[in-house]
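Contents: one structure, followed by commentary.
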Amino acid sequence: PISSVSQIDELPHHGAVKLENSYQLGPHRNFPVAEVHKILKDVLEGYLAEERYEEDFAREMSKNISQVIRGRIKELQALGRYKFVVVSSIGMNGGHGLAISSRCLWNDATDNFASYQFRNNSLYAVATVFAIYLD
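Count the sequence shown with UniProt numbering and you get residues 1 to 135, in order.
Okay, structure coming up:
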């Protein structure tokens with residue numbers, strides 16, 4: 001007869017790692033809104049300029065665009081303590097209106113955002129990056 005034995009060993013509990021305070025009260029460099037706006041413009045226009053709206057395409061492309069934007073922003077220098085939220089939306093350009101709004105609780109001295117809107121004959125796209133500084 002074949003038998004099997006299963007066992008779950010509890011992992012040893014290690015206390016939380018205590019980090020030393022760096023005494024850095026603000027970023028070495030503020031969030032570069034103009035640079036990020038250019039990234040948003042380049043990505044949206046580069047990926048969508050010749051595209052036509054299709055539902056499945058829009059769903060996948062919105063995810064891809066968010067990933068590309070996130071990657072390009074992470075390449076910027078000296079933004080190590082910033083955390084980013086990238087939101088992109090693609091919809092059919094059919095003459096109807098759309099209002100997008102957001103609210104954030106953040107530090108006006110360090111946190112910021114950049115946004116860009118793109119439109120062609122078939123679709124519209126909006127990409128926004130929120131940058132939150134963690135001290």
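Ideal Cβ placement from N, Cα and C applies to all residues, glycine included.
Predicted, not measured: the structure shown is a model, and the values here were computed from it.
Worksheet item: Cβ of A114 within 7 Å of Cβ of V43?
Response: Indexing the sequence shown from 1 puts residue 114 at position 114. Indexing the sequence shown from 1 puts residue 43 at position 43. Result no, Cβ atoms of A114 and V43 do not sit closer than 7 Å.
Discussion item. Can you confirm whether the region 95-111 touches the region 53-64 when touching is taken to mean that 3 or more C-beta pairs between the two stretches lie within less than 8 Å?
Written reply: With the cut-off at 8 Å, the region 53-64 and the region 95-111 do not touch.
Fill in: Stretch-stretch touch, CB-based, cutoff 8 Å, three pairs: the region 64-78 with the region 24-41
They touch, by the three-pair rule.
Worksheet item: Where does F31 sit, in a helix, a strand or coil, going by DSSP?
Response: Counted from its first residue, the sequence shown places residue 31 at position 31. Correct three-state label for F31: coil.
Worksheet entry | Limits of the alpha helix (DSSP H) - the one that S102 falls within | Taking the first residue of the sequence shown as 1, we reach residue 102 at position 102. Unbroken run through S102: none, as it is neither H nor E.
Worksheet item: Is V68 helix, strand or coil by DSSP?
Response: In the sequence shown, residue 68 corresponds to position 68, counting from 1. Look at V68 here: in three-state DSSP terms it is helix.
Worksheet item: Does the beta-carbon distance from N93 to Y124 come in below 7 Å?
Response: Counted from its first residue, the sequence shown places residue 93 at position 93. Counted from its first residue, the sequence shown places residue 124 at position 124. Yes, the pair counts as a contact, with Cβ atoms nearer than the cut-off.
Discussion item. Which of the three DSSP states is assigned to R119 in this structure?
Written reply: Position 119 of the sequence shown, counting from 1, holds the residue named residue 119. Taken through DSSP and simplified to helix, strand or coil, R119 comes out as strand.
Worksheet item: Per DSSP, which one or two residues make a beta bridge with A109?
Response: Numbered from 1 along the sequence shown, position 109 holds the residue referred to as residue 109. Looking at the DSSP assignment, A109 forms no beta bridge with any residue, so it has no partner.
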